[in-house]
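Taken in order, the sequence shown gives residues 0 to 468; the numbers are from numbering that gives the first Met the number 0.
Accompanying notes for the structure given below.
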Amino acid sequence: MFPKSQSDRVALRFGDRTLTHAKLASCAGALAQQLAGLPRVAVWATPTIETCVAVVAALLAGVPAVPLNPKVGERELAHIVADSAPAAILAAPGERLPEGLHAVPRKDVTLDTGSAELPPEPGPEAPALIVYTSGTTGSPKGVVLPRRAIVSTLDAVADAWGWTGKDVLVHALPLFHVHGLILGVLGPLRRGGTLHHLGKFSTELVAQALAGDGTMLFGVPTMYHRIAEEVGSTPRLANALSWARLLVSGSAALPVRDHERIAAATGQRVVERYGMTETLMNTSVRADGDRKPGAVGVPLAGVEVRLVDDSGAELHETGAVGEIQVRGPNLFTEYLNRPDATAEAFADGWFRTGDVGTRDGDGYYRIVGRKATDIIKSGGYKIGAGEIENALLEHPAVAEVAVTGEPDDDLGERIIAWVVPAGAAPAASELVDHVARLLTPHKRPRLVRFVESLPRNDMGKVMKRALRE
């Protein structure tokens, strides 16, 4: 999975702490010897070098790793521990673990080195990671990701982004999820390059890292929104971003307004990609392709993508709106201990993402939203919340917005806009008229609710269900 390297090139940089590829191979190999033969291990996934060493060691040992969010709640942690039954919990020395992990044998991750022989690498179908979903529709499900899914995804995005061992990836993403861990840690390690983790996100740290040796930046829309807010008035930030080879956004749609503000200040267009825990990466805008704002690009090498209607029939016409289904080597194996949920997730071998999108004449996909929360059926029309959100964000008095639907006796569902104002709140009618003018009258919000902030999860996604509760 990783190149056998004795390189003195820096593999991992966290603050003023670094680890070369040679040292990483040695200390992860030493830990792998201690893990060999265990059925499963959990990793207390703090943003540290130790987390990276722990995951690499588990992969070298052929032992499935379960990354745990350090902010996990008691009930969710109890469910994950019971469901995954880890034989050990790997953590940085001195890290305080919650009571829910006290019954699991602890193993501190040190940077001690060793030269013992590693066990043979497991086959491509062997489970590598078990990543738990966010649990928005019930208890979190353990997504079993085989080694071939990780390898195929990392090689496909490397092809799409021209990613090489010369790149230095900069990010501040959490290390318990696909974006920050698989793309953000295993990605540069597979290429033989460098990860520079910022510890926590700030535009100042981003500017500093990219003005240094950073060549790529990974972020989520909330991070790019903060960049867009500051980049026009911060020459140092604009200059650092303009020199980056690639700016990549994922985990949720990046509003078109933020795309345009960053491009205007830096000359750089952010690349968007589309993936999820069960499929890793599905599509991406290519580094050498047309960077269309709001588009998540074309299918990655080896990945098949299609759109289907409510009856499951495939949609071929340009601009048709349908559920996105995916097939390819990037898919997960199963939901741990949930054969019912696994079977329900597939239709004739295609994974049902639950996301709704469109495809243009160039084969570029756009995500309209989640089938369950972002498609509003109002007055006989099927309306995508994202289109209305982008329109509202063009109004200067709107800082952030989320659009949902709620039951309506007359319309079926009515459109609700949850708006964080930029300064003094405008009249609701002004925003309603703004949408009706830019789009069509049936897409206008029927109700505008002003809020101080939008509820978000650790990856920056707006939790719309929390708005409606």
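Even glycine gets a Cβ: it sits at the ideal position worked out from N, Cα and C.
Give me the Cβ distance between residue i and residue j, rounded to the nearest whole Å; I'm assuming they're in contact under 8 Å.
i: G296; j: V284; result: 4 Å
i: V247; j: V177; result: At roughly 13 Å, the Cβ-Cβ gap does not stay under 8 Å, so V247 and V177 are not in contact.
i: V402; j: A384; result: 4 Å
i: L144; j: F217; result: At roughly 19 Å, the Cβ-Cβ gap does not stay under 8 Å, so L144 and F217 are not in contact.
i: A64; j: V54; result: 5 Å
i: L174; j: P46; result: 6 Å
i: I375; j: P444; result: Wrong, their Cβ atoms sit about 10 Å apart, outside the cutoff.
i: V304; j: T282; result: 6 Å
i: L330; j: T278; result: 6 Å
i: E313; j: V355; result: In fact, because the Cβ distance is near 15 Å, the residues do not count as touching under 8 Å.
Excluding sequence positions up to five away, which residues of its chain have a Cβ less than 7 Å from the Cβ of residue i?
i: L37; result: V62, A86 and A87
i: V255; result: P292, G293 and N389
i: K460; result: S250 and A251
i: A56; result: A27, L30, A31 and L34
i: P118; result: A35, A60 and G61
i: C51; result: L11 and V184
i: M275; result: T352
i: D158; result: A300
i: L392; result: P254, R256 and V400
i: R16; result: I48
According to the neighbour-count rule (16 or more other Cβ atoms, all chains shown, within 10 Å of its Cβ), is residue i buried or exposed?
i: R464; result: exposed
i: A423; result: exposed
i: P338; result: exposed
i: W43; result: buried
i: A227; result: buried
i: G318; result: exposed
i: H258; result: buried
i: K22; result: buried
i: R365; result: buried
i: H101; result: exposed
i: P486; result: Because residue 486 is not part of the residues shown, which for the chain are 0 to 468, the question remains open.
i: S151; result: buried
i: R189; result: buried
i: E98; result: exposed
i: H441; result: exposed
i: G404; result: buried
i: S201; result: exposed
i: S83; result: buried
i: G368; result: buried
When you compare each of the options to residue i by their alpha carbons, which one comes out closest?
i: L128; options: Y334, S310 and L188; result: Y334
i: V219; options: G249, E313, E228 and S232; result: G249
i: P2; options: T163, G14 and K140; result: T163
i: H315; options: M275, L330, D287 and D359; result: D359
i: L110; options: L117, E120, A91 and A102; result: A91
i: A239; options: V184, D154, G192 and L209; result: L209
i: E451; options: I387, P420, L466 and F350; result: P420
i: H196; options: L11, I382 and H394; result: L11
i: S310; options: R351, G301 and N336; result: R351
i: R467; options: L430, I415 and S428; result: I415
i: I271; options: V304, Y223 and E73; result: According to the sequence displayed, residue 271 carries Glu and not Ile. Comparing Cα positions, the closest option is Y223.
i: V169; options: E203, A148 and K140; result: E203
i: S138; options: I181, A340 and L391; result: A340
i: R147; options: W160, G288, P104 and A125; result: A125
i: S6; options: L453, A24, R244 and R455; result: A24
i: T214; options: S232, I181, W160 and K199; result: W160
What is the DSSP secondary structure of residue i, counted as helix, strand or coil?
i: A312; result: coil
i: H176; result: coil
i: Q324; result: strand
i: M222; result: helix
i: T282; result: strand
i: V255; result: helix
i: L204; result: helix
i: W242; result: helix
i: S394; result: The question names Ser, yet the displayed sequence has His at residue 394. Residue state, collapsed to three classes: coil.
i: V169; result: strand
i: T135; result: Confidence at T135 is low in this model, with a pLDDT of 49, below 50, so its placement is unreliable and no value can be given for it.
i: W160; result: helix
i: E388; result: helix
i: P425; result: coil
i: K376; result: strand
i: A35; result: coil
i: K140; result: coil
Which same chain residues end up closer than 6 Å to residue i when comparing Cβ atoms and leaving out the 5 residues on each side of it in sequence?
i: V156; result: M280
i: T135; result: Any answer about T135 is weak, because its pLDDT of 49 lies below 50 and its placement is not dependable; what the coordinates show is given next. Excluding residues within five positions, none has a Cβ falling inside 6 Å.
i: R268; result: A262 and R290
i: I79; result: Y131
i: K70; result: none
i: A427; result: V447
Compute every distance between the C-beta of residue i and the non-hydrogen atoms of the ligand ZN, then say whether any falls below 7 Å.
i: E313; result: The model depicted lacks the ligand ZN and carries no ligand whatsoever.
Would you say residue i lies against chain C (beta-carbon separation less than 8 Å)?
i: V304; result: The structure shown contains no chain C, having only a single protein chain.
Closer than 8 Å by C-beta to residue i: which residues in its own chain qualify, once you throw out the five before and the five after it? Chain order, please.
i: R235; result: A206 and A210
i: G14; result: G198
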